[in-house]
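The numbering of the sequence shown is my numbering, which starts it at 950 and goes up by one.
Even glycine gets a Cβ: it sits at the ideal position worked out from N, Cα and C.
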Amino acid sequence: MGRDDELHALRVLVTNACNGVGGALLVQGDPGVGKTTLLAQAVAESIGVRVLRITGYEVESALAFAALQQLGRALGRFVDELPAKQRDAVRVAAGLADGRPPEQALIGLATLSLLARAGEDEPVLLVVDDAQHLDTESLAALGFVARRLSAESVALAFAARDDEAVENALAGVPRLRLGGLGAAAGSALVDAVTGGLLDPSVVADLVRELDGN
């Protein structure tokens, strides 16, 4: 409720991917403002689309490529189809082979290749939540991918708090600023959750206390 414009932007992103036009979008906002909920609604509406997820965990933010490894099960079967250098880089990054740390650009290319290949079978929506907690290497690779999506059936949706590392890594990616709900939308949401059982004055107090979150 109260997020029609924001949902429309995500719907367009996914619809474009279904039509072979890839793209990315970064949803930004304060903690608790509803970024995760907005992405979840977009996922729920994405019929006929393969949804992949990456979640940033602060405890893993210092582990190189930890976030990208979350894609392993979903995209691992395509690794053998990659060009040799990309394939070897992925295996080293995933801890499946020994070697020097792979070049960042090579991992970015490999990630783009894997997502594009998956999109050949069915459109892909990759949702990246809490991007501010991604490890540096994964965030850089995903930023590389986001700036290069064009003729792939892939949509990439990020959610993040305001964060300098995210701003830098996702430079050039379209932004969607998520503010707090207005009073009317907030009241409608409280009524929906409570079944309209609360007195209007109580609802108003709750909306005021929540301050749009």
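Inspect the beta-carbon positions of residue i and residue j and report whether they are closer than 7 angstroms.
{"i": "Ala1042", "j": "Pro1051", "result": "yes"}
{"i": "Ala1108", "j": "Val976", "result": "yes"}
{"i": "Glu1101", "j": "Ala1065", "result": "yes"}
{"i": "Ile1056", "j": "Ala1090", "result": "yes"}
{"i": "Ala1106", "j": "Leu988", "result": "yes"}
{"i": "Ser1087", "j": "Ala1016", "result": "yes"}
{"i": "Ala991", "j": "Leu959", "result": "yes"}
{"i": "Gly1092", "j": "Ala1114", "result": "no"}
{"i": "Arg999", "j": "Glu1071", "result": "yes"}
{"i": "Gln1035", "j": "Ala1067", "result": "no"}
{"i": "Ala1163", "j": "Val1122", "result": "The chain is shown only over 950 to 1162; residue 1163 falls outside these bounds and no answer can be derived."}
{"i": "Val1073", "j": "Ile1003", "result": "no"}
{"i": "Pro980", "j": "Arg1126", "result": "no"}
{"i": "Gly978", "j": "Ala1080", "result": "no"}
{"i": "Ala1033", "j": "Arg1040", "result": "no"}
On the criterion of 16 or more Cβ atoms from any shown chain inside 10 Å, does residue i qualify as buried, or is it exposed?
{"i": "Ile996", "result": "exposed"}
{"i": "Glu955", "result": "buried"}
{"i": "Gly1135", "result": "For Gly1135, the predicted model reports a pLDDT of 44, less than 50, meaning its position is unreliable; a value from the coordinates is still stated below. The residue is buried, with at least 16 neighbouring Cβ atoms inside 10 Å."}
{"i": "Ala966", "result": "buried"}
{"i": "Ser1099", "result": "exposed"}
{"i": "Ala1011", "result": "exposed"}
{"i": "Pro1082", "result": "Note that residue 1082 corresponds to His in the displayed sequence, not to Pro. Label assigned to His1082: buried."}
{"i": "Leu1008", "result": "The sequence shown places Val at residue 1008, rather than the Leu named in the question. Classification of Val1008: exposed, given that the 10 Å Cβ count is below 16."}
{"i": "Lys984", "result": "buried"}
{"i": "Thr986", "result": "exposed"}
{"i": "His957", "result": "exposed"}
{"i": "Ala1120", "result": "exposed"}
{"i": "Asp1154", "result": "Confidence in Asp1154 is poor, its pLDDT being 49 and thus under 50, which makes the residue's placement unreliable; the coordinate value appears in the next sentence. The residue is exposed, with fewer than 16 neighbouring Cβ atoms inside 10 Å."}
{"i": "Gly971", "result": "buried"}
{"i": "Val963", "result": "buried"}
{"i": "Asp1084", "result": "buried"}
How far does the beta strand (DSSP E) with residue i in it extend, from its first residue to its last?
{"i": "Leu1075", "result": "1073-1078"}
Helix, strand or coil for residue i per DSSP?
{"i": "Gly1021", "result": "helix"}
{"i": "Leu974", "result": "strand"}
{"i": "Phe1014", "result": "coil"}
{"i": "Leu1001", "result": "strand"}
{"i": "Val1094", "result": "helix"}
{"i": "Ala1120", "result": "coil"}
{"i": "Ala1109", "result": "strand"}
{"i": "Ser1099", "result": "coil"}
{"i": "Pro1028", "result": "Going by the sequence as given, residue 1028 is Val instead of Pro. Helix at Val1028."}
{"i": "Ala989", "result": "helix"}
{"i": "Val1008", "result": "helix"}
{"i": "Ala1046", "result": "coil"}
{"i": "Val982", "result": "coil"}
{"i": "Leu1088", "result": "helix"}
{"i": "Glu994", "result": "helix"}
Could you spell out the range, first to last residue, of the alpha helix (DSSP H) harbouring residue i?
{"i": "Ile1056", "result": "1053-1070"}
{"i": "Glu955", "result": "953-967"}
So what does residue i bridge to, in DSSP terms?
{"i": "Val1041", "result": "For Val1041, which the question treats as bridged, DSSP gives no partner whatsoever."}
{"i": "Ala1104", "result": "Gly972, Leu1074"}
{"i": "Arg1126", "result": "Gln977"}
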